[in-house]
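Worksheet: the structure to be examined is printed underneath.
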Ligand code: CCH
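In C-alpha cells form, the structure reads like this:
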C-alpha cells in the first residue's frame with residue numbers, strides 16, 4: 043500500500059458501518075441456543091467492560107483483555123468463547139479493528155438487531171497484553187443479593203437507577219448449567235430485547251427450583267422460566283424495585299435508560315482518541 047499514510051491510526055482505517063452489518067449477519071444460527079448469538083454477544087460486551095474499577099482506573103473494555111486466557115478463564119466468563127469464536131472471522135476480515143472495539147460493538151449490534159434501542163458507540167479502544175488482565179472477582183456473583191450487586195456496580199461508578207436498567211438485559215438469553223451452573227431462560231422470548239425481565243419478575247410467583255444445582259428460582263406456574271438470586275434482589279430491595287416497577291410499566295423509559303447505561307458501561311475507563319466520532323448505527327431490517 044504505497045499511498046497509505048503510516049501515521050493514520052488503525053481505528054481510523056475501519057468502516058464501522060460495514061462491521062456493524064457483518065456482525066448482524068452472524069447473529070442468526072438455528073443450531074445455537076435459541077437461534078441467535080445476540081444474547082451471548084451482549085454478555086461478552088458486558089463482561090469485557092464490567093471489570094472496571096473507578097478508584098484504580100483499571101479494567102474495562104479498553105485492552106480487549108477478555109480474549110486472553112488469564113481473563114477468559116475467570117469462572118464468570120465461562121461460555122464466552124462461543125461469542126469470541128463466532129466473531130473471530132471478522133477480526134481477520136477487518137485486521138485494523140481492535141478486539142476491544144469488536145466485542146463492544148457486537149453488544150451494540152445485538153441489542154439493536156434484537157429489537158432494542160439505538161446505543162451510541164465510539165471506536166478507538168486499543169488492545170493490550172495478557173499482563174493487563176484484571177484479577178478474578180470483579181464481576182457479580184449471581185448467588186448473592188442487593189448489597190453485593192451494589193458493591194460491584196458502585197465500584198464501576200453506576201447508581202441504583204443505572205444498575206436496575208442494565209439488569210433488564212436479562213430479557214435476553216438463558217443460563218447454561220455447563221457455563222454458570224444455573225439453568226433456563228428468563229422469559230419466553232429470549233431473542234427479543236423487551237422489558238420482560240421486569241414484567242416477569244413482578245408478575246410471577248417465584249419459587250426455589252427443586253434440583254441438585256445451585257440455588258435459583260423458577261416460576262411457580264410453568265416451571266420454565268428462571269430468576270437468579272441476584273435478579274430477585276431487584277424485587278426485594280425497595281430502592282431497586284421502584285425502577286423495576288417503572289420499567290415494567292413503561293418500555294420506552296426502559297429503552298432510553300438502558301441505552302444510556304449500556305453506552306456508559308462500554309466506555310468505562312476508555313481513553314478515546316479526541317477525534318473519535320460517536321456512531322448511532324441504523325438498525326437493519
Ligand atoms: Fe447477566 N448473567 N448478570 N447481565 N447476562 C447471565 C447471562 C446473561 C448476572 C449473572 C448472569 C448483567 C448483569 C448480571 C446477560 C447480560 C447482562 C448468567 C448465565 C448469569 C449467571 C450465564 C450462562 O450460564 O450462560 C449477574 C449476577 C448480574 C448482576 O448482578 C448485565 C448488566 C448484563 C448486560 C447489560 C445476558 C445477555 C445473558 C445471557 C447470555 C446467553 O448466553 O444467553
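In this note's numbering, the protein residues as written are 43 to 327.
Each residue gets a CB set at the ideal place from its N, CA and C atoms; glycine is no exception.
These figures come from a predicted structure and were not determined experimentally.
Annotation for residue 92 indicates a beta carbon within 8 Å of some heavy atom of the ligand CCH. For residue 51, the number of other beta carbons within 10 angstroms of its own is below 16, and it is reported as exposed. Scanning the stretch 63-127 from its first residue to its last, no whole beta strand (DSSP E) run of 3-plus residues comes out. Under DSSP, residue 216 shares a beta bridge with 227. Those residues that bring their Cβ nearer than 6 Å to a heavy atom of the ligand CCH are 81, 82, 84, 85, 88, 121, 182, 184, 191, 208, 209, 211, 212, 214, 215, 216, 217, 218, 221, 222, 224, 270, 272 and 304. Around the beta-carbon of residue 249, fewer than 16 other beta-carbon atoms lie within 10 Å, marking it exposed.
The alpha carbon of residue 236 has as its nearest neighbour, out of 221, 184, 201 and 299, the alpha carbon of 299.
In this chain, the beta strand (DSSP E) harbouring residue 260 covers 259-261.
Taking C-alpha positions only, residue 82 is separated from residue 54 by approximately 27 Å. For residue 293, the closest of 138, 118 and 157 by C-alpha to C-alpha distance is 157. Only residues of its own chain outside the window of five on either side were considered, and among them 248, 249, 250, 251, 268, 269 and 274 have a CB closer than 7 Å to the CB of residue 259, listed in chain order. Put simply, the backbone Cα of residue 205 is about 28 Å away from that of residue 77. Spatial neighbours of residue 187 in its own chain (CB-CB distance under 6 Å, excluding positions within 5 residues in sequence) are listed in chain order as 275. Excluding its 5 nearest sequence neighbours in each direction, residue 307 has C-beta neighbours in its own chain below 6 Å: 91, listed in chain order. Taking a cut-off of 8 Å for Cβ pairs, the stretch 56-66 and the stretch 313-326 touch, as three or more such pairs fall below it. Secondary structure remark: continuous alpha helix (DSSP H) runs of at least 4 residues inside the stretch 165-212, in chain order: 188-198 and 202-208. Here residue 265 is exposed: its Cβ has fewer than 16 other Cβ atoms, across all protein chains shown, within 10 Å. Rounded to the nearest whole angstrom, the CA to CA distance from residue 150 to residue 319 is 16 Å. Taking the Cβ atoms as the reference, residue 113 lies roughly 4 Å from residue 175, within the contact range of under 8 Å.
Where residue 250 is concerned, the enclosing beta strand (DSSP E) starts and stops at 248-250. Here residue 316 is exposed, its C-beta having fewer than 16 other C-beta atoms within 10 Å.
In the structure shown, residue 163 adopts extended strand secondary structure according to DSSP, grouped into three states.
A residue is called buried when at least 16 other Cβ atoms come within 10 angstroms of its Cβ; residue 280 does not meet this threshold and is exposed. For residue 154, the enclosing alpha helix (DSSP H) starts and ends at 141-155. Of the candidates 49, 136, 75 and 63, 75 places its Cα closest to the Cα of residue 225. Our two residues, residue 155 and residue 211, have alpha carbons roughly 14 Å apart in a direct line.
Annotation: the continuous alpha helix (DSSP H) that includes residue 245 extends over 238-245. Taking one beta carbon from each stretch, the stretch 115-131 and the stretch 98-107 have fewer than 3 pairs nearer than 8 Å; the two do not touch. A Cβ-Cβ separation of about 14 Å leaves residue 239 out of contact with residue 191 under the 8 Å criterion.
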